[in-house]
């Protein structure tokens, strides 16, 4: 362990400390002495040397961003980097903008806890449970922050219970009337209705169809893509059928 006191132009003193840290590594620190005389600077450096030998250098405190500041990184490094489906990406961005950011955007990520979750749910009490559950993209955002070392850990959020709605189907007579009406309008409209009603395709899957998806010799159709407002992605579930 060594200490040097160096006088610089202007009369200020610098202490140069070399010390072995508690883990055995060698460490050097050069600081401006907070005193005027060389003897006082040496005494101050000796106190600093003893502190370093016992405790090591103080680690700088990590700055934790607010949710609003972290949002753009989450979008670019998770949503876009992992090429999430256009519909999923749009849903994430919408929930963050309309609900999560107004309620919690000013909080640091390490300040968001179960109480914050309840505050968000209370702010959305006029919405149905399914819509509120969609805002748990907040949980995905916080998990990313924890995985990337921005915060120590992410809280676990609970979903609200949802009531399963009964799906209504057209009966055969209603569907035939729909087909007859589409036939009178336009061949493209008729094709759309038949693809939806007979083949069970979703709207985005129909829009994304290409001639190469049709095997006219075998009478088969391959469904591999879906359209979301002009953006082509995978089908729901990501499966080709």
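Residue numbers (the working numbering): -6 to 234. Quick reminder that beta carbons are idealized off the backbone N, C-alpha and C, glycines included.
Do residue j and residue i have their beta-carbon atoms positioned less than 8 Å apart in this structure?
i: residue 102; j: residue 109; result: no
i: residue -2; j: residue 38; result: yes
i: residue 125; j: residue 114; result: yes
i: residue 79; j: residue 224; result: yes
i: residue 60; j: residue 88; result: no
i: residue 183; j: residue 189; result: no
i: residue 107; j: residue 58; result: no
i: residue 33; j: residue 7; result: no
i: residue 35; j: residue 10; result: no
I'd like to know whether the C-beta of residue i is nearer than 8 Å to at least one C-beta of chain B.
i: residue 64; result: Annotation note: the requested chain B is absent from the structure, which comprises a single protein chain.
With a threshold of 16 other CB atoms inside 10 Å of the CB of residue i, please say whether the residue is buried or exposed.
i: residue 194; result: buried
i: residue 219; result: buried
i: residue 64; result: buried
i: residue 198; result: buried
i: residue 74; result: exposed
i: residue 153; result: exposed
i: residue 178; result: exposed
i: residue 142; result: exposed
Could you give the distance in angstroms between the alpha-carbon of residue i and the alpha-carbon of residue j?
i: residue 0; j: residue 12; result: 21 Å
i: residue 163; j: residue 191; result: 12 Å
i: residue 161; j: residue 169; result: 16 Å
i: residue 62; j: residue 54; result: 18 Å
i: residue 208; j: residue 112; result: 54 Å
i: residue 128; j: residue 96; result: 11 Å
i: residue 71; j: residue 18; result: 38 Å
i: residue 139; j: residue 86; result: 20 Å
i: residue 228; j: residue 16; result: 55 Å
i: residue 135; j: residue 84; result: 17 Å
i: residue 214; j: residue 206; result: 6 Å
i: residue 28; j: residue 14; result: 25 Å
i: residue 145; j: residue 76; result: 26 Å
i: residue 151; j: residue 118; result: 15 Å
i: residue 171; j: residue 165; result: 10 Å
i: residue 41; j: residue 81; result: 55 Å
i: residue 217; j: residue 20; result: 60 Å
i: residue 98; j: residue 52; result: 28 Å
i: residue 123; j: residue 69; result: 26 Å
Return the bridge partner residues of residue i from the DSSP annotation.
i: residue 219; result: 226
i: residue 20; result: 12
i: residue -4; result: 10
i: residue 59; result: 101
i: residue 214; result: 207
i: residue 25; result: 7
Are there any heavy atoms of the ligand MG lying less than 7 Å away from the beta-carbon of residue i, as far as the coordinates show?
i: residue 77; result: For the structure depicted, the ligand MG is absent and the ligand set is empty, with no information on it obtainable.
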